[in-house]
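Protein chains in written order, with this note's numbering: chain A, 1 to 115; chain B, 1001 to 1178.
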């Protein structure tokens, strides 16, 4: 099983909040006001430096008009978890292997690395 | 799978998409067949890859290769998509385009030969080429004609020359359409 490090989780959540905020054209200030945080908290949260609380995440999802799950990291997809299996046993050098993994990964928005 | 069947498979795709003129829009065909195209640079001979799982098909293309080669790569990978049900994953380095007679007994090589034949027919359909030849009274062996046709079909000169070599009436029986 892939180990999901907490750093990764908060980085992904932060990026998604940032992307979601851009979509509804809210400034950090405006979002902060709607969810009762300071602007600097939003900044830190978007950078993954602040560990967001569940009720705050729900409020943010509401403000961004997104389902809260869309702000959470994807479970490593079936495809991404099979990449290594698929690539194993092929006669690829490391550079070729890395290229193939990039191709397979690019379709998955912010998929966590599983290693 | 015979050469004729491979050619028919490519012809069927062109027919379905209503493509009657070169250059064949291979990227549009890929999308319409449900394959995702993804481009990533690679310094080296690696041309492309094909991946299929749970009904999802992904074609990877080396974006550093010339456009004409990328088109051939996509057409080749579409060959795997259309012809080879079970094929799940593989990476293509340089295509063994010169492997004309399928002499190798390895199944994997036969797959590659078939995918190349499919790509050649998709990008340089026999009926279109024959029409061009009739219209312009071209000489099959003429380099200048090959150059012009390569441009018209948006393929490499090498691919066109190889293609034309199959069309030249040959006394040797091994000169089959691959």
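Note that beta-carbon positions come from the ideal geometry of N, C-alpha and C, so glycine has one too.
Predicted model, so just to flag it, every value in this text is computed and none were measured.
Cβ pair residue i, residue j closer than 8 angstroms
{"i": "residue 39 of chain A", "j": "residue 28 of chain A", "result": "yes"}
{"i": "residue 72 of chain A", "j": "residue 17 of chain A", "result": "no"}
{"i": "residue 1089 of chain B", "j": "residue 1042 of chain B", "result": "no"}
{"i": "residue 100 of chain A", "j": "residue 1160 of chain B", "result": "no"}
{"i": "residue 1068 of chain B", "j": "residue 1118 of chain B", "result": "no"}
Member of the options whose CA lies at the smallest distance from the CA of residue i
{"i": "residue 102 of chain A", "options": "B:1153, B:1121, B:1010 and B:1040", "result": "B:1040"}
{"i": "residue 1075 of chain B", "options": "B:1129, B:1167 and B:1154", "result": "B:1154"}
{"i": "residue 1128 of chain B", "options": "B:1156, B:1158, B:1143 and B:1164", "result": "B:1164"}
{"i": "residue 11 of chain A", "options": "A:94, A:42, A:59 and A:63", "result": "A:42"}
{"i": "residue 31 of chain A", "options": "A:92, A:8, A:57 and A:104", "result": "A:57"}
{"i": "residue 1029 of chain B", "options": "B:1073, B:1078, B:1003 and B:1063", "result": "B:1078"}
For residue i, the three-state DSSP class (helix, strand or coil)
{"i": "residue 1037 of chain B", "result": "strand"}
{"i": "residue 8 of chain A", "result": "helix"}
{"i": "residue 1004 of chain B", "result": "helix"}
{"i": "residue 1089 of chain B", "result": "strand"}
{"i": "residue 1124 of chain B", "result": "coil"}
{"i": "residue 1054 of chain B", "result": "coil"}
{"i": "residue 1159 of chain B", "result": "helix"}
{"i": "residue 1011 of chain B", "result": "helix"}
{"i": "residue 36 of chain A", "result": "coil"}
{"i": "residue 1024 of chain B", "result": "coil"}
Straight-line Cα distance separating residue j from residue i
{"i": "residue 1070 of chain B", "j": "residue 1112 of chain B", "result": "16 angstroms"}
{"i": "residue 98 of chain A", "j": "residue 1057 of chain B", "result": "19 angstroms"}
{"i": "residue 1032 of chain B", "j": "residue 52 of chain A", "result": "42 angstroms"}
{"i": "residue 1132 of chain B", "j": "residue 15 of chain A", "result": "54 angstroms"}
{"i": "residue 1044 of chain B", "j": "residue 70 of chain A", "result": "38 angstroms"}
{"i": "residue 95 of chain A", "j": "residue 1061 of chain B", "result": "15 angstroms"}
{"i": "residue 1086 of chain B", "j": "residue 68 of chain A", "result": "39 angstroms"}
{"i": "residue 37 of chain A", "j": "residue 8 of chain A", "result": "23 angstroms"}
Any chain E beta carbon closer than 8 angstroms to residue i
{"i": "residue 1040 of chain B", "result": "Given the protein chain composition of this structure (A and B), no chain E is represented."}
Check: residue i C-beta below 7 angstroms from any heavy atom of the ligand MG
{"i": "residue 44 of chain A", "result": "Only the bare structure without any ligand can be found here, which leaves the ligand MG out of the picture."}
Buried or exposed (CB count within 10 angstroms, at least 16 for buried), residue i
{"i": "residue 25 of chain A", "result": "exposed"}
{"i": "residue 1104 of chain B", "result": "Residue confidence is low: residue 1104 of chain B scores 45 on pLDDT, short of 50, so the model does not pin down where it sits. Its coordinate-derived value is still stated next. The residue in question, residue 1104 of chain B, is exposed, as its Cβ has fewer than 16 Cβ neighbours within 10 Å."}
{"i": "residue 21 of chain A", "result": "buried"}
{"i": "residue 47 of chain A", "result": "exposed"}
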